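Scroll down for the structure; my scribbles are underneath it.
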Amino acid sequence: MSTAAKVIRPEIQAMHAYQVSDATGLVKLDVMESPYRLPEALAAEIGQVVSNVALNRYPVPTAHELRAVIRDVMQVPPGCDVLLGNGSDECIQYITAAVAREGAVVMAPAPSFAMFSMHALFFRLRFVGVPLRDDFSLDTEAFLAAMAKERPALVWIAYPNNPTGNAFPAADIERIIRAAPGLVVIDEAYQPFAGATFMPRLAEFENMVVMRTVSKIGMAGLRLGYVCGRPEWIGSFNKTRSPFNISVLTEAVAIKLLQNKPVLDAQAAKVLEERERVRAELARVPGLMVYPSAANFLLTRVAGGKGAGTRVFESLKALGVLVKDFSGGYPQMENCLRLTIGTPEENRILVVALREALK
Ligand code: PMP
771 MSTAAKVIRP EIQAMHAYQV SDATGLVKLD VMESPYRLPE ALAAEIGQVV
821 SNVALNRYPV PTAHELRAVI RDVMQVPPGC DVLLGNGSDE CIQYITAAVA
871 REGAVVMAPA PSFAMFSMHA LFFRLRFVGV PLRDDFSLDT EAFLAAMAKE
921 RPALVWIAYP NNPTGNAFPA ADIERIIRAA PGLVVIDEAY QPFAGATFMP
971 RLAEFENMVV MRTVSKIGMA GLRLGYVCGR PEWIGSFNKT RSPFNISVLT
1021 EAVAIKLLQN KPVLDAQAAK VLEERERVRA ELARVPGLMV YPSAANFLLT
1071 RVAGGKGAGT RVFESLKALG VLVKDFSGGY PQMENCLRLT IGTPEENRIL
1121 VVALREALK
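Taking the numbering used here, I'd label the letters of the sequence shown as residues 771 to 1129.
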């Protein structure tokens, strides 16, 4: 037996690393990026900003300038603090680390974002996924019952949810927050496409924080996520943070881009418009069911037996379009393909390819 086989935890040996497909040469509609690059003038200004960054220095560990801009631009309520992560992925790690008492339980609807359960595993916490109904709506009573039984220290609610695309009713989420014995994190990664938010309600709930990311509004490459909440939460998460987790480049560029947020908002508005147009179009494609979406992607289900979705996924790839295939994971997601909304031209290519693949 190799030393690694003796030393690495068996559950880590058994798992697969997070998979991201190679998209070279393909229309990339797999991971909910914005399809738009920056206008040339703004890109040039960013170049200027980057050239002035002191790369020889460590970042200011508090990143207070960027946090101040986020407070202002994202309307973080007064009295709340902000934690920054290298993507909200890293915020999930910090929050999980902070609550990881012996025997603590982490809970979320299932299916939801994979990193919620992965970080629970990394910190040796038991993860309980509460199944959504077959139409991916939230079974609030089942969730409340599971909370009463398991007493989770940490509950994740993605609002809207990934990979299903729907936003659970705010009144149901409110019932969960009120009944939760521990912390509830509202993950608003897709908020720019949903409108609805719990951010202004932070003062109302002592046991809730709101997590966001700039990844879906044109800055996925920067890697920046943030958590807003009462100082007693944020201060504790902050203790688990790597001191220099936000690079000088991320901080400088994010400040400049957030100061130009109307440009990003206009791009998100185009995506939103396209989402509804593409949804209406796909609803007319035989052999495909499209779910309602409050995000920048559409979840679809291919008609047919086991393997039908994966066959369409492979045909799409052969036709030059990369989407995300969910077959082989959650049984409820068999034959489900998740389609990120792209530019009008990319979406046109997608619809033509889907019609061809479904023939
Ligand atoms: N939360 C949800 C619900 C997501 O879907 C994603 C990305 N797919 C993230 C968090 C992580 O985003 P990032 O690390 O890019 O901020």
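Here a beta-carbon is modelled for each residue, glycine too, at the ideal position from N, C-alpha and C. Predicted model only: the values in this text are computed from it and were never measured.
Residue span of the alpha helix (DSSP H) that contains residue i, given as start and end
i, result
"Asp1035", "Lys1031 to Leu1052"
"Ile947", "Ala940 to Ala949"
"Gly1099", "First-last for Gly1099: undefined, no H or E at that position."
"Asp859", "Ser858 to Val869"
"Gly899", "Segment Arg896 to Pro901 is the beta strand (DSSP E) holding Gly899; no alpha helix (DSSP H) there."
"Arg837", "His834 to Val843"
"Met888", "Ala884 to Phe892"
"Thr1134", "Residue 1134 falls outside the range modelled here, since the chain spans only 771 to 1129, and no answer is possible."
"Arg1125", "Pro1114 to Ala1127"
Span of the beta strand (DSSP E), counted from its first residue to its last, around residue i
i, result
"Gly1005", "From DSSP, Gly1005 is part of no beta strand (DSSP E) but of the alpha helix (DSSP H) over Pro1001 to Lys1009."
"Ala880", "Val875 to Ala880"
"Val1072", "Phe1067 to Val1072"
"Val852", "Asp851 to Gly855"
"Gly1090", "Segment: none, Gly1090 is in no beta strand (DSSP E) and carries neither H nor E."
"Ile927", "Leu924 to Ala928"
"Leu799", "First-last for Leu799: undefined, no H or E at that position."
"Arg827", "No beta strand (DSSP E) contains Arg827, which DSSP labels as neither H nor E."
"Thr1176", "Nothing about residue 1176 can be read from this structure; the chain reaches only from 771 to 1129."
Residue burial classification, residue i (beta-carbon count within 10 angstroms, cutoff 16)
i, result
"Met877", "buried"
"Ser804", "buried"
"Ala787", "exposed"
"Thr1020", "buried"
"Met978", "buried"
"Arg1054", "exposed"
"Arg871", "exposed"
"Thr866", "buried"
"Pro954", "The residue you asked about is not Pro; residue 954 is Val in the sequence shown. Buried: at least 16 other Cβ atoms inside 10 Å."
"Ala774", "exposed"
"Pro881", "buried"
"Arg837", "buried"
Of the listed residues the options, nearest to residue i (C-alpha basis)
i, options, result
"Gly935", "Lys1087, Tyr864, Ala1127 and Ile1111", "Ile1111"
"Leu1069", "Leu1052, Gly1075 and Ala1088", "Leu1052"
"Ala1022", "Ala1036, Leu1042 and Leu992", "Leu992"
"Lys1129", "Leu994, Ala1078 and Arg1108", "Ala1078"
"Gly857", "Phe892, Pro930, Ala990 and Arg841", "Ala990"
"Gly795", "Ala1088, Met981 and Leu1107", "Ala1088"
"Ser985", "Thr832, Leu1120 and Tyr806", "Tyr806"
"Met1131", "Leu854, Met1059, Tyr929 and Phe1007", "Within the shown structure, residues of the chain are numbered from 771 to 1129, placing residue 1131 beyond reach of any answer."
"Leu1058", "Arg1045, Ala1073 and Ala868", "Ala1073"
"Ala1036", "Ala793, Pro809, Asn1008 and Glu781", "Pro809"
"Val790", "Tyr864, Leu799 and Met981", "Leu799"
"Ala813", "Arg1108, Val1033, Cys1106 and Ala1123", "Val1033"
"Ser1085", "Leu924, Arg1108, Phe913 and Ala1123", "Ala1123"
"Lys1031", "Val830, Gln845, Ala912 and Ile943", "Gln845"
"Glu1115", "Ser1097, Leu1107 and Val1091", "Val1091"
"Leu1109", "Pro939, Ala964 and Pro933", "Pro933"
"Phe897", "Phe906, Asp905 and Phe886", "Phe886"
"His834", "Gly817, Pro848 and Leu853", "Leu853"
"Phe1083", "Ala1127, Lys1076, Lys1040 and Val1060", "Ala1127"
"Arg1118", "Asn1008, Arg1045 and Asp1095", "Arg1045"
Residue-chain proximity (residue i, chain C), Cβ-Cβ < 8 Å
i, result
"Leu1068", "In the displayed structure, chain C is absent; only one protein chain is listed."
Three-pair Cβ contact test at 8 Å for the stretch 986-998 versus the stretch 1099-1109: no
I want to know whether the stretch 817-833 touches the stretch 905-922 - three or more CB-CB distances under 8 Å. no
Within 8 Å, do at least three Cβ pairs link the stretch 960-979 to the stretch 1050-1066? yes
Assess contact between the stretch 968-978 and the stretch 876-892, defined as three or more Cβ pairs (one per stretch) separated by less than 8 Å. Is contact present? No contact exists between the stretch 968-978 and the stretch 876-892.
Using a strict less-than 5 Å threshold between each residue's beta carbon and the heavy atoms of the ligand PMP, what residues do you get? Gly857, Ser858, Asp859, Phe883, Ala928, Asn932, Asp957, Ala959, Thr983, Ser985 and Gly995
Can we say the stretch 937-949 touches the stretch 1033-1053, given the rule of at least three CB pairs closer than 8 Å? no
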